[in-house]
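J.: Structure in structure tokens, see below.
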Amino acid sequence: MHTTHRYLQAEHLRKITIFSSLNDTELARILNAPENSIEEYKNKDVIFHEEEIGDCMYIILEGSVDIFVKGSLDYRDATIATLRAGDYFGENAVLIGDSVRRTASARAESPVKVFRIVKKPVLKAINKGTGIHEITARFPPDEVRDTIMKIPVFKSLKYDELLDIRDWASIENYGEGDFIINQGTPTDDMYIIIEGYVELSVLNNEGKSVFFETRKAVDYLGVTPLLPGQSGKYNLSVKSCCKSRVIKIPKEYFMAVLNRDKKIAHYLKEIYIVKKMKLDRILHGNHREI
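The opening residue of the sequence shown carries number 0 in this note's numbering; numbering runs sequentially from there.
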């Protein structure tokens, strides 16, 4: 039995959304399953890597864990969340029978002790229980959710937030030549490309449109004006180069993510600095007009 630790009592496990509807007997099956175990990691040990196949989740008993991704520009590690005792992570890997790839990496931020819960006991609870099956039935494959989970900014979203993702994110369709964003207009939304590719441009001092770069599926748009200290207006125009589909996320929801975890804002600020340097070179250099 593993129930001697305070975070391994039924009342604490029930606070975790995916287990909230299970009764004490069903929770005990998970806590006492021989496949599950307490593990210890030293400071800086990697618990799992982004993109590897996952078959377990973890509850932190002692210490803290950094959740991080590879930066999209320089491939440096970018921490997007720090979790502490009582928190859990990696839960998506145990909720369905199919193989699931990790959307981020986890690393011990200090000496850490975790309770490792493998998929099999959870699936048994789904089959025998009454509540968790109802939750997983609401979590089928979803294009919007699956795309958003690939974006570093949103990898700290919890399971219950992903369940109602369609309440706050929508899909927009654009034809070739359609403008998704116009430079200088107020920032109301951010966007994630699902399909197609787009061209970013900026007006120079002469009022002529200058090419900046292209972006493709799973890239995001319109984030910079939402960062602290920015203008609140789009600083580039974005035009669809073909039939494109994008996810539109209202700024209120994106700002809620930023306000909850300052490390995400710092990660985006670093990207902005690099992009700003590139933009300055374009505006003061010899680049093609469009």
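Every residue gets a Cβ at the ideal spot worked out from N, C-alpha and C, and that includes glycine.
#1: Can you name, in chain order, every residue of its own chain whose Cβ lies under 6 Å from the Cβ of His48, other than the five neighbours on each side?
#2: So, helix, strand or coil for Arg107, using DSSP?
#3: Over what stretch of residues does the alpha helix (DSSP H) that includes Ala27 continue unbroken?
#4: Less than 9 Å between CB atoms is the rule here; does Asp187 satisfy it with respect to chain B?
#5: Once the 5 residues before and after Gln229 are set aside, which same chain residues still bring their CB inside 7 Å of it?
#6: Work out the CA separation of Asn22 and Ile193 for me, nearest whole Å.
#7: Excluding five sequence neighbours on each side, which residues of the same chain lie with their C-beta closer than 8 Å to the C-beta of Asp279?
#8: Using only alpha-carbon positions, find the residue among Val113, Glu142 and Thr184 that is nearest to Ile170.
#9: For Pro185, count the other beta carbons within 10 Å of its own beta carbon; 16 or more makes it buried, fewer makes it exposed. Which is it?
#10: Express the C-alpha separation of Gly89 and Pro45 in angstroms, rounding to a whole number.
#11: Looking at the unbroken beta strand (DSSP E) that takes in Ala77, where does it start and where does it end?
#12: By the three-class DSSP mapping on this structure, what secondary structure does Asp188 have?
#13: For Ala264, which residues from the same chain have a beta carbon less than 7 Å from its beta carbon, with the 5 sequence-adjacent residues on both sides left out?
#14: Can you check whether the CB of Lys238 is closer than 9 Å to the CB of Asp177?
#15: Only counting the same chain, and skipping five residues up and downstream in sequence, which positions put a Cβ closer than 6 Å to that of Ile147?
#16: From the DSSP output, in three-state form, read off Lys149 for me.
#17: For Arg83, which of Ile58, Glu205 and Pro151 has the nearest alpha-carbon?
#18: Do you know how far the Cα of Lys118 is from the Cα of Tyr87?
#19: In this structure, what does DSSP give as the bridge partners for Pro249?
#20: Can you tell me whether DSSP reads Ile58 as helix, strand or coil?
#21: For Val217, count neighbouring C-beta atoms within 10 Å of its own C-beta (all shown protein chains included) and say buried if the count is 16 or more, exposed if not.
#22: Between Cys240 and Glu212, how many whole angstroms is the CB-CB distance? I'm expecting something under 8 Å.
T.: Based on what the coordinates show:
#1: Translated into positions along the sequence shown, residue 48 becomes position 49. Within the same chain, His48 has close Cβ partners Ser104.
#2: Taking the sequence shown and counting its residues from 1, one reaches residue 107 at position 108. Reading the sequence as shown, one finds Ala at residue 107 and not Arg. Residue state, collapsed to three classes: strand.
#3: What you label residue 27 is simply residue 28 of the sequence shown in a count that begins at 1. That run of the alpha helix (DSSP H) goes Asp23 to Leu30.
#4: Note that chain B does not occur in the displayed structure, where there is just one protein chain.
#5: By one-based count along the sequence shown, residue 229 stands at place 230. The answer, listed in chain order, is Thr223.
#6: Taking the sequence shown and counting its residues from 1, one reaches residue 193 at position 194. Taking the sequence shown and counting its residues from 1, one reaches residue 22 at position 23. If I take the Cα positions, the gap works out to 40 Å.
#7: On the sequence shown, position 280 is the one that residue 279 refers to. For Asp279, where only same-chain residues beyond five positions count, there are no Cβ hits under 8 Å.
#8: For this step, residue 170 is matched to residue 171 along the sequence shown. Ile170 has its Cα closest to that of Glu142, out of Val113, Glu142 and Thr184.
#9: Here residue 185 corresponds to residue number 186 of the sequence shown, with the count starting at 1. Pro185 is exposed by the Cβ-count criterion.
#10: Locating residue 45 in the sequence shown gives position 46, where the first residue counts as 1. Locating residue 89 in the sequence shown gives position 90, where the first residue counts as 1. A small fix is needed here, since residue 45 is Val in this sequence, not Pro. Distance from the CA of Val45 to the CA of Gly89, rounded to the nearest whole angstrom, comes to 13 Å.
#11: Mapped onto the sequence shown, residue 77 falls at position 78. Asp76 to Arg83 is the span of the beta strand (DSSP E), which, as asked, contains Ala77.
#12: Taking the sequence shown and counting its residues from 1, one reaches residue 188 at position 189. Correct three-state label for Asp188: strand.
#13: In the sequence shown, the residue the question calls residue 264 occupies position 265. Leu226, Pro227 and Leu257.
#14: Translated into positions along the sequence shown, residue 177 becomes position 178. Translated into positions along the sequence shown, residue 238 becomes position 239. Yes, Cβ-Cβ distance for Asp177 and Lys238 is below 9 Å.
#15: For this step, residue 147 is matched to residue 148 along the sequence shown. Correct list, in chain order: Phe153.
#16: One-based indexing of the sequence shown puts residue 149 at position 150. Reduced to three states, the DSSP call for Lys149 is coil.
#17: For the purposes of this step, residue 83 is taken as the residue at position 84 of the sequence shown. Among Ile58, Glu205 and Pro151, the Cα nearest to that of Arg83 belongs to Ile58.
#18: One-based indexing of the sequence shown puts residue 87 at position 88. One-based indexing of the sequence shown puts residue 118 at position 119. Approximately 15 Å between the Cα atoms of the pair.
#19: In the sequence shown, counting from the first residue as 1, residue 249 sits at position 250. Answer is Asp188, bridged to Pro249.
#20: Along the sequence shown, one-based indexing puts residue 58 at 59. Ile58 falls in the strand class under three-state DSSP.
#21: Position 218 of the sequence shown, counted from the start, is the residue given in the question as residue 217. Exposed, by the Cβ-count rule.
#22: Here residue 240 corresponds to residue number 241 of the sequence shown, with the count starting at 1. Here residue 212 corresponds to residue number 213 of the sequence shown, with the count starting at 1. Not confirmed; about 12 Å, so no contact.
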